[in-house]
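Asker: Quick one: structure below, then a few questions.
Number of protein chains: 6
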Amino acid sequence: MDFTPRDAFASPRFAQVATFMRLPQSRDLEAIDTAILGIPFDGGTSYRPGTRFGPREIRNQSSLLRPYNPAVKALPFVTRRVADYGDVDVAPVNIEKTYALIEGEVARILAAHVLPISVGGDHSISLPVLRAVAKRHGPVALIHIDAHCDTWDQYFGGKYFHGTMFRRAVEEGLIDPRRTIHIGIRGSLYAESDFDFQKEHGMEVLPIGDVKERGIPYVAERLKRLKRGKAYVSFDIDAVDPAYAPGTGTPEVGGLTSHEAVSLVRLLAGLTTVGFDLVEVSPPYDGPGQITALLAANLIYEYLCTLPKRAEGNPKKKQRVS
Amino acid sequence: MDFTPRDAFASPRFAQVATFMRLPQSRDLEAIDTAILGIPFDGGTSYRPGTRFGPREIRNQSSLLRPYNPAVKALPFVTRRVADYGDVDVAPVNIEKTYALIEGEVARILAAHVLPISVGGDHSISLPVLRAVAKRHGPVALIHIDAHCDTWDQYFGGKYFHGTMFRRAVEEGLIDPRRTIHIGIRGSLYAESDFDFQKEHGMEVLPIGDVKERGIPYVAERLKRLKRGKAYVSFDIDAVDPAYAPGTGTPEVGGLTSHEAVSLVRLLAGLTTVGFDLVEVSPPYDGPGQITALLAANLIYEYLCTLPKRAEGNPKKKQRVS
Amino acid sequence: MDFTPRDAFASPRFAQVATFMRLPQSRDLEAIDTAILGIPFDGGTSYRPGTRFGPREIRNQSSLLRPYNPAVKALPFVTRRVADYGDVDVAPVNIEKTYALIEGEVARILAAHVLPISVGGDHSISLPVLRAVAKRHGPVALIHIDAHCDTWDQYFGGKYFHGTMFRRAVEEGLIDPRRTIHIGIRGSLYAESDFDFQKEHGMEVLPIGDVKERGIPYVAERLKRLKRGKAYVSFDIDAVDPAYAPGTGTPEVGGLTSHEAVSLVRLLAGLTTVGFDLVEVSPPYDGPGQITALLAANLIYEYLCTLPKRAEGNPKKKQRVS
Amino acid sequence: MDFTPRDAFASPRFAQVATFMRLPQSRDLEAIDTAILGIPFDGGTSYRPGTRFGPREIRNQSSLLRPYNPAVKALPFVTRRVADYGDVDVAPVNIEKTYALIEGEVARILAAHVLPISVGGDHSISLPVLRAVAKRHGPVALIHIDAHCDTWDQYFGGKYFHGTMFRRAVEEGLIDPRRTIHIGIRGSLYAESDFDFQKEHGMEVLPIGDVKERGIPYVAERLKRLKRGKAYVSFDIDAVDPAYAPGTGTPEVGGLTSHEAVSLVRLLAGLTTVGFDLVEVSPPYDGPGQITALLAANLIYEYLCTLPKRAEGNPKKKQRVS
Amino acid sequence: MDFTPRDAFASPRFAQVATFMRLPQSRDLEAIDTAILGIPFDGGTSYRPGTRFGPREIRNQSSLLRPYNPAVKALPFVTRRVADYGDVDVAPVNIEKTYALIEGEVARILAAHVLPISVGGDHSISLPVLRAVAKRHGPVALIHIDAHCDTWDQYFGGKYFHGTMFRRAVEEGLIDPRRTIHIGIRGSLYAESDFDFQKEHGMEVLPIGDVKERGIPYVAERLKRLKRGKAYVSFDIDAVDPAYAPGTGTPEVGGLTSHEAVSLVRLLAGLTTVGFDLVEVSPPYDGPGQITALLAANLIYEYLCTLPKRAEGNPKKKQRVS
Amino acid sequence: MDFTPRDAFASPRFAQVATFMRLPQSRDLEAIDTAILGIPFDGGTSYRPGTRFGPREIRNQSSLLRPYNPAVKALPFVTRRVADYGDVDVAPVNIEKTYALIEGEVARILAAHVLPISVGGDHSISLPVLRAVAKRHGPVALIHIDAHCDTWDQYFGGKYFHGTMFRRAVEEGLIDPRRTIHIGIRGSLYAESDFDFQKEHGMEVLPIGDVKERGIPYVAERLKRLKRGKAYVSFDIDAVDPAYAPGTGTPEVGGLTSHEAVSLVRLLAGLTTVGFDLVEVSPPYDGPGQITALLAANLIYEYLCTLPKRAEGNPKKKQRVS
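Protein chains in written order, with this note's numbering: chain A, 15 to 336; chain B, 15 to 336; chain C, 15 to 336; chain D, 15 to 336; chain E, 15 to 336; chain F, 15 to 336.
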């Protein structure tokens, strides 16, 4: 099977069933090394819902992507064998059941030495993904690009919603808090104590001001200490300013530009990432241009371009991770 | 306190905090006989979410309503003492907890002999409302205007979502199935057996064809048998055609016109209704004119106009119901 | 000069500066017998503004119209010499000044024996148009298609807004109330007394129920008594249901369908109409399809098709009116 | 392979890659008897473009459909083996090349005794489909539901655009004009002579007035003469009123309601149809509710429900047509 | 009474009647020290209307705000007692009457030593606010963040519209022109002489180029001279680029980013501001994400965070201003 | 005839038929020296169509422009005699025929020593414009601001679409590739070889990174070598980031801000430009604020401000170019 996008000069980009980046759909884990899977769950949302339609719309908008990335001289669909893995069939009104379904599916993917790229859905889906990742790789570093740290304790008495995952992940030993960095943090909070958890556990917080004033090179500097060991990357689209990403559930003004967002993802090249998620795209709140989904598709693509080449001959054996 | 809408010639209709029909906000159950309460929950939704913003948008659009209904010669805010009761503070990611909160609040309202008008939110909220209603009034007749019967058995293994309420209500003895009528039913189903429950329990189903071809007088005829005894009314806005109500979660083509919808609600005059809900308005799927929320506001208003006059002097004692 | 629309097979309908029905722009009152003029004023609006952009959007959407109306076998641009007269340059923040400007411009048009078709703007513009009309023709009959009678007395202490014109018109002797008919009336009001003025002055009110239940032939019957004498026609787009006309300032549910609206305008054939206005199209509240402006354009076109043929040779002398 | 939609109680309707009616994708013509294929071409459009995104959006909105149609007691996915066949890879800027691609693909489908259901795209795509159909079946009857007859002669000197197909089809002997009926015709035209072609060739025209005033039974009566012989059905969504179908290229006011549109399609049961197309859905002009695409999906589904059961055992041999 | 926002972990942010920042509504001027009042007037608008719906939508979007601002370590609802004061009941079609109503209401607020934060509405409302402010505080400094200086002389012969306020304010002695600074000025003008008034009266103009090229520190520098004495702040949202603030009446390209806008407001800390307004948010021109209203809500919040702590015990006596 | 925009204090900016910058319409080539002409063709589009409505919407949004540009101290309507020339009547479904029509019209304009400013439409229109330009001026330098180089070879076997123009232009000798600079290039491509053509022919490519990191002064530096000789300028709005320009056909994230776009156009002052086009604005994909069309209007205006003054007395003879 050929894991390259349909040829846009023979099949128009608006044609055919929309898959991620116009790639073939496949669940043949022997054939691929990278799976883009949708997780259309928004049952963990505290404000605007709609991210359940995120995977479909990101598939739509990803149709514009082409196979070569000149900025970083990458051919991600040559370097990797990538497929649209389809979606996890979540249980829309039950977060615990959904968590089990997600963890199971991601575990299956990881067991086959395939790298999972998860497309939300709301941010609550990162926790079951991390459970599967940690089971395979042990506690990992976390690179978290977001307006919010998502380390609150609970919501209406429950443990799970899209603002508690990374506290849970620390409590469950899924991520190493001292190898965790939150990038782009901003917006109003409930209290100064909202940062207590981060401080106690040694999580690094890079507020948006640091990104804006010190620039991408400063962030590159801060990421250096994560070069060794495995890292998981979680990108909440609300890290980006509402002008560039209006279609999201809890927008915060004063965020990243699209250029900064792309630049941040490019910094991941050279790190050993074992998974990536892009979450919180809510199409009903995007305008007719669907620029949020388009940006999300590009960020996933840029992430693909940071991945090392799969080993020839034996695609699964020799690649560094997954 | 004066329970009439602000005067539109002294306070513009677009001014001030938006309340239902520009009525005062109040939770003083001694002072009122009718409470319009929002229930902004969409955690029971199987397709398009967004009804959590229903109460706010219906408040906005209800600003256009005026105090006199010439079609039925009613002055509902003179006949009744109505207030915007505010919303139930639902638990967004937990349907069971939300059910308890709703039932508790509606029970409080009913205990004070106040008539509850519930504004959803998705249709799943009708079940806890009926629990409170049945506790007070015993099993009631149900007049259910909807595209769907909502008598499915379960959803992803769970008992509660916006398609199972009326099966649960029968099972729990909240409604009398033989005094239940589903009006406006249409759209594709899973199997012929989807009607088994209705048949077994003697629920009457009026498909849309009957409304379209035999007309409103035929429906009036069918409702006659409910004249005696107490009835609860549940109006799912998707009973109305998507042209008139695009802003909803599971639209079905071929539905009611707005004129038919208004006419149906007017048929309730003369019945002894003990509660009403208007559900499934999803503002993100409405257009800039927000015509779905506007229609919903009008249907609530028309329902108010069907209510009997509260007894003077002792407003709570002598009114027929609640 | 050729007063026919551009040929759609030589000049695409989306091309060129948008004029009403792709007609030439002209203020040469000697050359034409019918002027379509925009009156982009929304300073008399009590709820949603935006009708100031009505003329421009109706121009845009009128591009779809073609020269032959098969339903009534009319060739309006052959029968009449019609031009896009441009807009009245209203004074956006001053209603009195605007009234003077409108009256002056319409008087100029009428003085040249040209029939004025006014495109709003909000409904307040009908008053100065009627002032000019009455100066030329004396008090006229009024055929008023609308959800509201617009005979309120004042608004925030002022005499002019889009709900008082027809009371003013009676007071000023511009229309003959006994030869006035309000068609399509519906929606909530302030009090039963809102109809006092109509009753006192003998204005006929046809509520929407009469149109819906008795049909267009009944309206035709009611219009018969206006056959003799001159009549002015005012069409407020909110007579039409919000499903068909969401882009308007004070929508009322339960209104006309587009088919009914077109049929009503066709009833004007045979009457001696001396002016027509189409008001209250508010583009910001229309959806991307701009169906309200499209319907408005069609209603103006249908009105054109009801007009008698101009006399050949001497186009101004022999035509019955204007 | 199982040709039934995914189970909505195990896989949410908003999940997974969007296919027509959540059916499997397949080009295995041996396995199926009915192919729904997208034809995303809008290069023949004279006004609003955007129908190239029609197939994708109709796929999205068709997710709401369920397997049983209670109104006509049909189980179309049991009766037939239906698949999402994918799209024809049209040549976006070349209509002749696109015509060849469409004709080739449809011919392949027909050669395998599979019934083609084509989803546009603009209406120009009906011509190459008919070319393939006529090659296999000879000249067929045409049931054409549309606001326009589409029998113009040329456009900017060219033979092909979305208003000339049925003149070409007559000229090329693809359809039998005396067994052709145009239903729902309305809107302004260029001249009285626009009907000359229909008259000369004996095509029947049912204007919208006949549908509105005489009703669906009258149309049923008119269709009776087509009972014998094979018929092709072409449904242009602009037959429906813009209130119900705003997302289209050349909307005409005063059209069908959704209830009428569904009823018209149901009349096809009992006829021997050898192909169906649904065209002119333009998503950029639909609102956020995408009600036009939803209606289109329902009309295709209703058509499926009119089809006779495939013969058991030898699915291809014994079925009446294709 | 507790003047803190509802607890978002007990009452969802989308629930309840929408008030500014989910604060209690109150007109008890003894209880509060800061009043956020809506002024829903757009009768002074020269281009796109719709700002009359600004206060309601800013209330909606302010629901996302939380009580702690980590960027400046402020707890504005602890530092201050803030309430949603409701709206001024403007006279929609009469600017002079509206001016009197606004001035009266703001005077009442100021008389009670309460700081007024006015939420427009169009910019014309700043003049009556300044009249009240100047009556209490004498001529004040003006910090005006806007694309336009709003010092034109008249509009269609009238003195008042949303482009003349600050000329009027100088003429009436309400502001000290030598202590006035216009920040963010850009866009095309009528003539070079449009700056004459500013030059004559010694108003400082900081064009957008200065902000973009010299940065926020330069603006901070320029503001230093206003440290002494009282200042009024007027923020027109069109100072911000249309990408960040599309929902406004007279957008100008090339404006502030949201990050720059927030940074500018933070510069106000340390100044003695006696009032603030945020104007020109027009929701009908915002997209579904309503990012303009969201930004406006944040700017008001950031302003609150610049205010000094009210004196404990005697909240009104010891605070520096108002 | 007076070639200045209507006076916005006597004729509101939203009034009258919308022309470019509210200028008079004229095809009197003797009277003007600069023609803004619309080219509403989108038949060369590979992804989202809709740019056929670009000229009309840019006309609408250009209504906000005023006659004086303070940033560069220019009075473009005094310096030049500019008119809205109307549109080329393109052949919507035939690119070759359209090319002939465009070339003919532009040639006529150039023959009269009038400078053509072409407003698309999709980018494919630049080729016939360049054919006319080169016929008059010989091969010109090209300043091309875009996300894409548009030097692909063919599309579905055809030579013309909106991605091949500048290869064709080189092949046909219309532009001098060594005096060509592509500015703002970014986004994914098909292969590294996509740059071969540029390299072979010595075209300069300035990727977006150079603009973002080295700034506008660097671009100014790179443009210096084009000071001598004639240059044509082509501005594809997708050079700008989707946040600022969502309404376009093939958006690419990470683009120019509006401030950068304006700054780039200002660099053209001092060059000898013989034509300018602004292409790829697709209104259906813009939001309700239509910020893309607004930005486009501003960029055209800024270009006008870079033009040298026409010679007094004999306006055509002495001006440097055209």
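Note that CB positions come from ideal geometry on N, CA and C, so glycine has one too.
Can you give me, in chain order, the residues of the region 66-81 of chain E that have a beta carbon less than 7 Å from any beta carbon in chain A?
Answerer: Leu78, Leu79, Arg80 and Pro81
Asker: Give me the Cα-Cα distance between Ala146 of chain E and Ser40 of chain E, rounded to the nearest whole angstrom.
Answerer: The residue labelled residue 146 of chain E in the question sits at position 132 within the fifth sequence. The residue labelled residue 40 of chain E in the question sits at position 26 within the fifth sequence. In a straight line, the C-alpha of Ala146 of chain E is about 21 Å away from that of Ser40 of chain E.
Asker: Which residues in chain B have a C-beta closer than 8 Å to the C-beta of Phe17 of chain E? List them in chain order.
Answerer: In the fifth sequence, residue 17 of chain E corresponds to position 3, counting from 1. Ordered by position in chain B, no residue passes the 8 Å Cβ test against Phe17 of chain E, which lies about 16 Å from the chain.
Asker: Could you give the residue range of the alpha helix (DSSP H) that holds Phe249 of chain C?
Answerer: Here residue 249 of chain C corresponds to residue number 235 of the third sequence, with the count starting at 1. Under the DSSP assignment, Phe249 of chain C falls outside any alpha helix (DSSP H), being part of the beta strand (DSSP E) whose first and last residues are Lys244 to Asp250.
Asker: If we ignore side chains and look at the alpha-carbon of each, how far apart do Tyr169 of chain D and Ala22 of chain C end up?
Answerer: Here residue 169 of chain D corresponds to residue number 155 of the fourth sequence, with the count starting at 1. Here residue 22 of chain C corresponds to residue number 8 of the third sequence, with the count starting at 1. Using only the alpha carbons, I get a separation of about 9 Å.
Asker: Could you pull the DSSP bridge partners for Ser132 of chain B from this structure?
Answerer: Working through the second sequence from its first residue, we reach residue 132 of chain B at position 118. Per DSSP, B:Leu51 and B:Asp291.
Asker: Under a three-way DSSP split, which group does Val92 of chain C fall into?
Answerer: Your numbering for residue 92 of chain C matches position 78 in the third sequence. In this structure, Val92 of chain C counts as helix in the three-state DSSP scheme.
Asker: Between the Cα of Ser138 of chain E and those of E:Val104, E:Leu89 and E:Gly201, spot the shortest distance and give me the residue it belongs to.
Answerer: Taking the fifth sequence and counting its residues from 1, the one referred to as residue 138 of chain E is at position 124. Across the set E:Val104, E:Leu89 and E:Gly201, the C-alpha of E:Val104 shows the shortest separation from the C-alpha of Ser138 of chain E.
Asker: Looking only at its own chain, which residues have a Cβ that is under 6 Å from the Cβ of Gly301 of chain C, when we skip the five neighbours before and after it?
Answerer: Sequence index remark: in the third sequence, residue 301 of chain C carries index 287 (1-based). Nothing meets the Cβ criterion.
Asker: I'd like to know if the region 21-35 of chain D and the region 74-82 of chain D are in contact, where contact means that at least 3 CB-CB pairs between them fall below 8 Å.
Answerer: yes
Asker: Short of 7 Å in beta carbon distance, which residues of its chain neighbour Asn328 of chain A, apart from the five on each side in sequence? Order them along the chain.
Answerer: The count along the first sequence starts at 1 and reaches residue 328 of chain A at position 314. Residue placement at Asn328 of chain A is poorly supported in this model, since its pLDDT is 46, which falls under 50; the coordinates still yield a value, given next. Same-chain partners within the cutoff: there are none.
Asker: Should Val86 of chain B be labelled buried (16 or more other beta-carbon atoms within 10 Å of its own) or exposed?
Answerer: Numbered from its first residue, the second sequence carries residue 86 of chain B at position 72. Val86 of chain B comes out exposed.
Asker: Compute the minimum distance between the beta carbon of Gly268 of chain A and the heavy atoms of the ligand NAP, and state whether it is under 6 Å.
Answerer: This structure lacks the ligand NAP, and indeed carries no ligand of any kind.
Asker: Sorted by chain position, which residues of the same chain lie with C-beta nearer than 8 Å to Asn83 of chain A's C-beta, five sequence neighbours on each side aside?
Answerer: By 1-based counting over the first sequence, the position of residue 83 of chain A is 69. Once the five neighbours on either side are set aside, the close Cβ partners of Asn83 of chain A are Leu89, Pro90, Tyr315, Glu316 and Cys319.
Asker: Going by the CB atoms, is the gap between Gly269 of chain A and Pro337 of chain A shorter than 7 Å?
Answerer: The structure shown does not extend to residue 337 of chain A, since chain A is modelled only from 15 through 336, so no value can be given for it.
Asker: If you measure beta-carbon to beta-carbon, which residues of the region 164-180 of chain E are closer than 8 Å to chain C?
Answerer: Tyr169, Phe170, Gly171, Gly172, Tyr174 and Phe175
Asker: Quick test of your reading: Leu10 of chain B and Ala310 of chain B, contact by CB under 8 Å. State the CB separation rounded to the nearest angstrom.
Answerer: Residue 10 of chain B is absent from the structure shown; chain B starts at 15 and stops at 336.
Asker: Work out the CA separation of Asp255 of chain F and Thr112 of chain E for me, nearest whole Å.
Answerer: Here the question's residue 112 of chain E lines up with position 98 in the fifth sequence. Here the question's residue 255 of chain F lines up with position 241 in the sixth sequence. Those two C-alpha atoms are separated by around 41 Å.
Asker: For Thr33 of chain F, which of F:Thr18, F:Gly216 and F:Leu282 has the nearest alpha-carbon?
Answerer: Counting from one through the sixth sequence, the residue named residue 33 of chain F turns up at place 19. For the residues F:Thr18, F:Gly216 and F:Leu282, the minimum Cα distance to Thr33 of chain F belongs to F:Thr18.
Asker: Got a sec: is the Cβ-Cβ distance from Arg324 of chain C to anything in chain D below 7 Å?
Answerer: Mapped onto the third sequence, residue 324 of chain C falls at position 310. It does not; no Cβ of chain D falls within 7 Å.
Asker: Any beta-carbon of chain E closer than 7 Å to the one on Pro298 of chain C?
Answerer: Residue 298 of chain C sits at position 284 when you count from the first residue of the third sequence. Chain E contact via Cβ: present.
Asker: Given a threshold of 16 other Cβ atoms within 10 Å of its Cβ, counted over all protein chains shown, does Ala125 of chain F qualify as buried or as exposed?
Answerer: Within the sixth sequence, residue 125 of chain F is the residue found at index 111, counting from 1. With fewer than 16 other Cβ atoms within 10 Å, it is exposed.
Asker: Using a Cβ-Cβ distance cut-off of 7 Å, determine whether Val267 of chain D contacts chain C.
Answerer: Translated into the one-based positions of the fourth sequence, residue 267 of chain D becomes position 253. Answer yes: the Cβ-Cβ gap between Val267 of chain D and chain C drops below 7 Å somewhere.
Asker: Can you confirm whether the region 225-237 of chain A touches the region 173-189 of chain A when touching is taken to mean that 3 or more C-beta pairs between the two stretches lie within less than 8 Å?
Answerer: no
Asker: Any C-beta of chain C sitting closer than 7 Å to the C-beta of Ser272 of chain B?
Answerer: As a first step, residue 272 of chain B is located in the second sequence; it is residue number 258 there, counting from the start. Closer than 7 Å: yes.
Asker: Hey, could you find the ends of the alpha helix (DSSP H) Thr112 of chain E is sitting in?
Answerer: Locating residue 112 of chain E in the fifth sequence gives position 98, where the first residue counts as 1. Counting along the chain, the alpha helix (DSSP H) containing Thr112 of chain E begins and ends at Ile109 to Ala125.
Asker: For His158 of chain A, name the three-state secondary structure that DSSP assigns.
Answerer: Here the question's residue 158 of chain A lines up with position 144 in the first sequence. His158 of chain A falls in the strand class under three-state DSSP.
Asker: Do we get a CB-CB distance below 7 Å when we pair Gly301 of chain E with the residues of chain F?
Answerer: Stepping through the fifth sequence from its first residue, residue 301 of chain E is reached at position 287. Yes, Gly301 of chain E lies at the interface with chain F (some Cβ there is under 7 Å from its Cβ).
Asker: Below 7 Å on C-beta distance, what does Leu308 of chain C contact in chain D?
Answerer: Taking the first residue of the third sequence as 1, we reach residue 308 of chain C at position 294. Those within 7 Å of Leu308 of chain C in chain D are Pro256, Pro265 and Val267.
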